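Chains as they are written, first to last, in our numbering: chain Z, 1 to 355; chain G, 356 to 710. This report concerns only the one structure given below.
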């Protein structure tokens with residue numbers, strides 16, 4: 001039902017991204033010598049697909065193992081058999097799903113291994129476009145005929161009467177595959193991770209450096225880029241400052257990536273950090289999250305971590321993330337700590353606010 | 356919006372209960388010699404309150420430490436400073452909340468320590484009465500002026516596109532109290548627990564014994580009552596067989612209770628088991644849940660466990676519940692395992708279905 005009092009334009013930019021991640025099973029046959037898997041897809045094909053999402057490519061870097069696209073609204077990372085698409089504002093990434101499956105099919109990637117879709121609760125939900133008009137709409141759209149995702153699991157994580165996060169998981173492809181093969185015993189460092197830090201209420205002193213009009217612009221941005229670069233060794237950076245404000249940054253190293261997106265406007269300030277880099281001795285996740293928080297100084301933030309399980313062991317396994325995880329530091333109080341155990345992943349969700 | 360195709364009467368009985376639990380802080384002064392706390396409340400006062408819920412008292416037993424009321428729709432347990440109200444069908448327990456707070460206030464229990472409200476997703480939500488017409492309605496009602504619950508936390512636990520469970524927690528009274536007192540180091544056995552087993556798709560062979568018309572009635576019921584009684588030593592039982600079908604049972608021992616409610620009709624069969632008895636060496640929760648499942652043989656079930664934390668230790672503490680918790684037994688497959696860490700409690704949620 002239309003609200004007659006609904007303002008015509010949104011009161012602010014929706015910084016919170018929609019995050020789509022898909023993994024394909026390798027093709028049965030492979031043409032020798034060519035770039036493999038999704039690397040065969042022409043850039044123009046991705047550009048066409050991104051039109052359905054309502055965003056454009058504004059930057060590109062590659063590590064050989066990973067292609068990183070900087071988008072007019074956030075980022076896309078293409079690996080040999082996986083794709084991560086993260087877009088903010090009023091973009092419509094789910095509208096590209098059918099096209100994405102078709103692109104993959106055309107190069108022999110006919111079977112999806114696993115599919116994830118997640119997002120934070122929107123600040124301005126009434127300005128989103130279909131199918132992002134509500135969680136139930138999104139789930140119904142993902143499960144529509146043609147996509148072939150049946151028996152997926154949809155979750156609302158966190159407070160229904162406060163900040164929360166939505167997540168959809170379909171992993172039947174992987175589950176069926178698992179039943180016909182030997183589970184692998186692998187060290188933590190070779191597992192798949194997705195860590196996100198979603199920050200609201202940024203410190204104005206720090207976030208204003210992401211406005212072109214601000215005199216501290218160039219130096220401030222450099223300081224942040226340096227801080228991000230310092231998080232990892234040998235990382236290639238591709239970043240962009242929007243006019244009049246806003247900042248996006250992709251970083252890649254081998255098949256690992258990170259991305260940062262900043263919406264600095266004080267009435268809707270938001271910054272996100274995401275990476276698939278596993279925790280290391282030098283950079284455990286507690287330190288990584290602390291360092292990211294120190295850059296943006298948010299008044300509240302959510303940390304989500306998907307960590308691939310040890311398939312050798314069906315029981316809970318201890319992840320290399322300490323249980324306290326920043327509890328109580330810097331006047332921030334942990335509001336929620338929630339752990340989900342899925343078939344192939346563990347998910348840890350924590351939400352912090354200033355006291 | 357009214358659905359013009361909505362049937363006039365519900366297609367089945369809503370077995371899933373709404374569970375309300377409230378803890379008061381002891382009164383500053385106490386009249387000597389009298390029964391203490393909520394035990395001072397006259398039975399007629401509870402009867403009046405229960406009219407707002409739309410249910411009646413049909414049975415009463417007491418252990419001295421706990422009064423157990425068998426209701427026309429489920430159970431009520433009254434302790435010195437706590438009350439558990441569990442009602443099924445289209446009852447309206449939240450409508451009694453204001454009256455309950457007033458009753459407590461009248462005997463000097465002016466401060467609420469903690470308040471919990473929870474329920475499974477309904478089978479027939481469109482037949483519920485206000486404020487049980489939807490989770491958001493229920494949360495809004497709990498938080499209305501006069502109840503004085505502010506900054507409570509509402510959660511949806513489990514699949515949004517499948518079986519799930521709702522839970523509301525307000526514990527600010529306890530949190531504020533904690534800040535002015537020493538935390539207590541107590542053994543697990545003296546902590547507060549609430550374990551629920553919510554079962555759907557009961558084995559017809561077993562559930563038909565809860566119909567008065569069934570020839571196996573008397574023997575079958577006795578068998579089940581014996582099975583329940585065998586779960587604990589020295590337990591007082593109060594049970595009732597409804598006409599034409601349905602079964603309720605309260606059991607108490609000291610300040611501990613259990614209750615069982617059965618809706619046997621095959622198209623909407625449901626059984627619930629709840630207890631605040633802590634796990635023991637003789638009866639760990641894994642065995643208890645297995646024994647309960649063995650009685651009803653459901654095709655799917657949910658286990659929820661609230662376990663009071665060690666206030667001495669802010670970190671995660673190992674609860675005496677094994678992590679596997681029935682995984683894979685008897686053709687049942689664990690669909691979800693979710694753990695929430697609250698300020699004073701840990702919550703474990705697991706959902707199982709037949710393969």
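Each residue gets a CB set at the ideal place from its N, CA and C atoms; glycine is no exception. It should be emphasised that the depicted structure is a prediction, and the values quoted were computed from it without experimental measurement.
Which residues share a DSSP beta bridge with residue 106 of chain Z? Here residue 106 of chain Z is taken as the residue at index 106 of the first chain, counted from 1. In DSSP, residue 106 of chain Z forms no bridge with anything.
What does residue 337 of chain Z touch in chain G if you count any residue whose Cβ is under 8 Å from its own? Locating residue 337 of chain Z in the first chain gives position 337, counting from the first residue. Chain order gives the chain G residues near residue 337 of chain Z as 695, 696, where near means a beta carbon separation below 8 Å.
Anything in chain G within Cβ reach of residue 159 of chain Z, meaning under 8 Å, just list it in chain order. Position 159 of the first chain, counted from the first residue, corresponds to residue 159 of chain Z. Counting only Cβ-Cβ distances below 8 Å, residue 159 of chain Z has contacts in chain G at 508, 509, 510, in chain order.
Beta strand (DSSP E) runs wholly inside the stretch 30-99 of chain Z, at least 3 long, in chain order: Listed in chain order, they are 57-62, 67-71, 74-78, 82-87.
Closest Cβ-Cβ distance between residue 340 of chain G and chain Z: below 7 Å? Residue 340 of chain G is absent from the structure shown; chain G starts at 356 and stops at 710.
When you compare the CB positions of residue 66 of chain Z and residue 237 of chain Z, do they come within less than 7 Å of one another, or not? Locating residue 66 of chain Z in the first chain gives position 66, counting from the first residue. Locating residue 237 of chain Z in the first chain gives position 237, counting from the first residue. Residue 237 of chain Z is positioned such that its CB atom lies no closer than 7 Å to that of residue 66 of chain Z.
Could you name the residues of chain G that residue 139 of chain Z contacts, counting a contact when the two beta carbons are closer than 8 Å? What you label residue 139 of chain Z is simply residue 139 of the first chain in a count that begins at 1. What residue 139 of chain Z touches in chain G, judged by beta-carbon distance under 8 Å, is 515, 516, going in chain order.
I want to verify the contact list: residues of chain Z whose CB lies under 8 Å from the CB of residue 525 of chain G, in sequence order. Taking the second chain and counting its residues from 1, one reaches residue 525 of chain G at position 170. Simply none; closest approach about 11 Å.
Within 10 Å of its beta-carbon, does residue 619 of chain G have 16 or more other beta-carbons around it, so buried, or fewer, so exposed? What you label residue 619 of chain G is simply residue 264 of the second chain in a count that begins at 1. Result: buried.
At a CB-CB cut-off below 9 Å, which residues of chain G make contact with residue 135 of chain Z? In the first chain, counting from the first residue as 1, residue 135 of chain Z sits at position 135. Simply 515.
So, with DSSP's three-state summary, where would you put residue 114 of chain Z? For the purposes of this step, residue 114 of chain Z is taken as residue 114 along the first chain, with counting starting at 1. Taken through DSSP and simplified to helix, strand or coil, residue 114 of chain Z comes out as strand.
Should residue 693 of chain G be labelled buried (16 or more other beta-carbon atoms within 10 Å of its own) or exposed? On the second chain, residue 693 of chain G is found 338 positions in, with the first residue counted as 1. Burial is judged here by how many other beta carbons sit within 10 angstroms of a residue's own beta carbon; residue 693 of chain G has at least 16 and is buried.
I think residue 23 of chain Z touches residue 82 of chain Z, with their Cβ atoms under 8 Å apart; what is that distance to the nearest whole Å? The residue given as residue 23 of chain Z occupies position 23 in the first chain. The residue given as residue 82 of chain Z occupies position 82 in the first chain. Residue 23 of chain Z to residue 82 of chain Z, Cβ: 5 Å. Contact.
For residue 44 of chain Z and residue 510 of chain G, the rounded distance between their alpha carbons: The residue labelled residue 510 of chain G in the question sits at position 155 within the second chain. The residue labelled residue 44 of chain Z in the question sits at position 44 within the first chain. CA-CA distance, residue 510 of chain G to residue 44 of chain Z, rounds to 44 Å.
So residue 449 of chain G and residue 487 of chain G are supposed to be a Cβ contact under 8 Å. How far apart are they, rounded? Position 94 of the second chain holds residue 449 of chain G. Position 132 of the second chain holds residue 487 of chain G. Indeed they touch by this definition, with Cβ atoms about 7 Å apart.
For residue 274 of chain Z, report the span of its beta strand (DSSP E) as first-last. The count along the first chain starts at 1 and reaches residue 274 of chain Z at position 274. That run of the beta strand (DSSP E) goes 270-275.
Residue 657 of chain G: which of G:376, G:552, G:647, G:567 sits nearest, CA to CA? Residue numbering aside, residue 657 of chain G sits at position 302 when the second chain is read from its first letter. Restricting attention to G:376, G:552, G:647, G:567, the CA atom closest to the CA of residue 657 of chain G is found in G:552.
Does any residue of chain C bring its CB to less than 7 Å from the CB of residue 47 of chain Z? Looking for chain C here will not work: the only protein chains present are Z and G.
Residue 339 of chain Z lies in the beta strand (DSSP E); which residues open and close that run? The count along the first chain starts at 1 and reaches residue 339 of chain Z at position 339. Segment 332-341, the beta strand (DSSP E) holding residue 339 of chain Z.
Tell me, which residues are paired with residue 199 of chain Z by DSSP? Start at 1 with the first residue of the first chain, and residue 199 of chain Z comes out as number 199. Paired residues: Z:271, Z:301.
Could you check what DSSP says for residue 3 of chain Z in three-state terms: helix, strand or coil? As a first step, residue 3 of chain Z must be located in the first chain, where it is residue number 3. Caution applies to residue 3 of chain Z, whose pLDDT of 48 falls short of 50 and renders its modelled position unreliable; the model cannot decide the point.
Check whether residue 479 of chain G and residue 369 of chain G have beta carbons under 7 Å apart: For the purposes of this step, residue 479 of chain G is taken as residue 124 along the second chain, with counting starting at 1. For the purposes of this step, residue 369 of chain G is taken as residue 14 along the second chain, with counting starting at 1. In this structure, residue 369 of chain G lies closer than 7 Å to residue 479 of chain G by Cβ.
Out of G:567, G:650, G:630, state which residue places its alpha-carbon closest to the alpha-carbon of residue 601 of chain G. The count along the second chain starts at 1 and reaches residue 601 of chain G at position 246. Taking only the C-alpha atoms, the option nearest residue 601 of chain G is G:567.
What are the boundary residues of the beta strand (DSSP E) that residue 617 of chain G is part of? Counting from 1 along the second chain, the entry for residue 617 of chain G is found at position 262. First-last of the beta strand (DSSP E) with residue 617 of chain G: 611-618.
Does the Cβ-Cβ distance between residue 194 of chain Z and residue 276 of chain Z come in under 7 Å? Position 194 of the first chain, counted from the first residue, corresponds to residue 194 of chain Z. Position 276 of the first chain, counted from the first residue, corresponds to residue 276 of chain Z. Yes, the pair counts as a contact, with Cβ atoms nearer than the cut-off.
Starting from the Cα of residue 294 of chain Z, find the closest Cα among Z:308, Z:273, Z:309 and give me that residue. Position 294 of the first chain holds residue 294 of chain Z. Out of Z:308, Z:273, Z:309, Z:273 has the C-alpha closest to the C-alpha of residue 294 of chain Z.
Quick check: what's the CA-CA separation for residue 531 of chain G versus residue 424 of chain G? For the purposes of this step, residue 531 of chain G is identified with residue 176 of the second chain, where counting begins at 1. For the purposes of this step, residue 424 of chain G is identified with residue 69 of the second chain, where counting begins at 1. Straight-line Cα distance between these residues: approximately 32 Å.
Please classify residue 559 of chain G: is it buried, with 16 or more other beta-carbons within 10 angstroms of its beta-carbon, or exposed? One-based indexing of the second chain puts residue 559 of chain G at position 204. Exposed is the label assigned to residue 559 of chain G, since fewer than 16 other Cβ atoms lie within 10 Å of its Cβ.
Under three-state DSSP, which class holds residue 225 of chain Z? Position 225 of the first chain, counting from 1, holds the residue named residue 225 of chain Z. Helix, per DSSP.
What does the Cβ neighbour count give for residue 513 of chain G, buried or exposed, with the cut at 16 atoms within 10 Å? Against the second chain, residue 513 of chain G aligns to sequence position 158. Burial check for residue 513 of chain G: the Cβ neighbour count within 10 Å reaches 16 or more, so the residue is buried.
Helix, strand or coil: which one does DSSP assign to residue 119 of chain Z? Taking the first residue of the first chain as 1, we reach residue 119 of chain Z at position 119. When DSSP states are grouped into helix, strand and coil, residue 119 of chain Z belongs to the strand group.
Exposure label - residue 430 of chain G; buried when at least 16 CB within 10 Å: Numbered from 1 along the second chain, position 75 holds the residue referred to as residue 430 of chain G. Result: buried.
Distance CB(residue 375 of chain G)-CB(residue 433 of chain G) smaller than 7 Å: The residue given as residue 375 of chain G occupies position 20 in the second chain. The residue given as residue 433 of chain G occupies position 78 in the second chain. Taking 7 Å as the cut-off, the beta carbon of residue 375 of chain G is found no closer than this to the beta carbon of residue 433 of chain G.
Anyone know if the C-beta pair for residue 556 of chain G and residue 654 of chain G falls short of 7 Å? Here residue 556 of chain G refers to the residue found at position 201 when the second chain is read from its first residue. Here residue 654 of chain G refers to the residue found at position 299 when the second chain is read from its first residue. Result yes, Cβ atoms of residue 556 of chain G and residue 654 of chain G sit closer than 7 Å.
Reduced DSSP secondary structure (H/G/I, E/B, other) of residue 485 of chain G: Working through the second chain from its first residue, we reach residue 485 of chain G at position 130. For residue 485 of chain G, the three-state secondary structure derived from DSSP is coil.
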